[in-house]
Amino acid sequence: MSAVADLVDKVVESHRRDRDMLIQVLLDLQGSLGWLPPQALAEVSRQLRVPLTRVYQVASYYKAFSFAPRGRHSIKVCVGTACHVRGAGRVVEKMETDLGIKRTQTTPDLRFTLETVNCVGCCALGPMVMINDHYHGQVSSDKVSPLLARYK
Ligand code: FES
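Start counting the sequence shown at 1; every next residue gets the next number (the numbering used here).
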């Protein structure tokens with residue numbers, strides 16, 4: 001059995017092979033692998049006896065699931081109105097330049113995934129950048145490089 005099939009087997013077993021636990025199984029796999037590779041989805045379909053189309057349907061519906069590898073660090077730059085007027089666009093551009101990727105992409109070394117969001121609820125402190133679970137306020141383009149350097 002491959003490593004992925006073995007992992008799927010363990011996760012499915014931990015949910016008593018109950019097909020009603022499909023979302024929880026996918027969440028566990030997303031947590032362990034960082035994304036949902038096609039091989040894992042095929043294994044889930046086979047082991048839970050749920051059609052593969054249904055597995056993809058569920059996995060595509062929820063934002064928590066990713067069909068591509070994600071970086072160890074998740075960057076979310078807020079581009080909501082309050083952050084936008086304070087220069088969030090320039091922050092995103094500087095991130096793209098420093099990381100050599102565009103928004104929604106992951107660096108080839110799987111260090112960072114860069115995304116934009118529309119409001120993280122701290123408008124007075126904008127531009128806001130969330131890296132993993134940490135909120136960084138009043139981020140300007142000249143603060144981007146030192147900020148990224150803190151995440152290895
Ligand atoms: S608009 Fe950025 S935190 Fe609200």
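Ideal Cβ placement from N, Cα and C applies to all residues, glycine included.
In the three-state reduction of the DSSP assignment, Tyr151 falls in the coil class, being assigned neither a helical nor a strand state. If you draw a 10 Å sphere on the C-beta of Ala3, you find fewer than 16 other C-beta atoms in it, and that means exposed. In the structure shown, Val129 adopts extended strand secondary structure according to DSSP, grouped into three states. As DSSP reads the structure, Glu115 sits in a beta bridge with Lys76.
Taking C-alpha positions only, Lys152 is separated from Leu27 by approximately 25 Å.
In this structure Leu114 touches Leu99 by the C-beta definition: roughly 6 Å separates them, less than 8 Å. Spatial neighbours of Asn118 in its own chain (CB-CB distance under 6 Å, excluding positions within 5 residues in sequence) are listed in chain order as Gly80. The continuous beta strand (DSSP E) containing Tyr135 extends over residues His134 to His136. Between the ligand FES and the CB of Met1, the shortest heavy atom gap is not smaller than 7 Å. Rounded to whole angstroms, the separation of the alpha carbons of Asn132 and Val91 is 17 Å. Here DSSP, grouped into helix, strand and coil, assigns Thr106 to strand. For Ala88 against Gly126, the beta-carbon gap comes to about 7 Å, under 8 Å, which counts as contact.
Taking the C-beta atoms as reference points, Asp9 is found no nearer than 8 Å to Met21. Of the other Cβ atoms in all chains shown, fewer than 16 fall within 10 Å of the Cβ of Thr97; this residue is therefore exposed.
For Ala68, the three-state secondary structure derived from DSSP is coil.
Pro51 has its alpha-carbon roughly 33 Å from the corresponding atom of Thr107.
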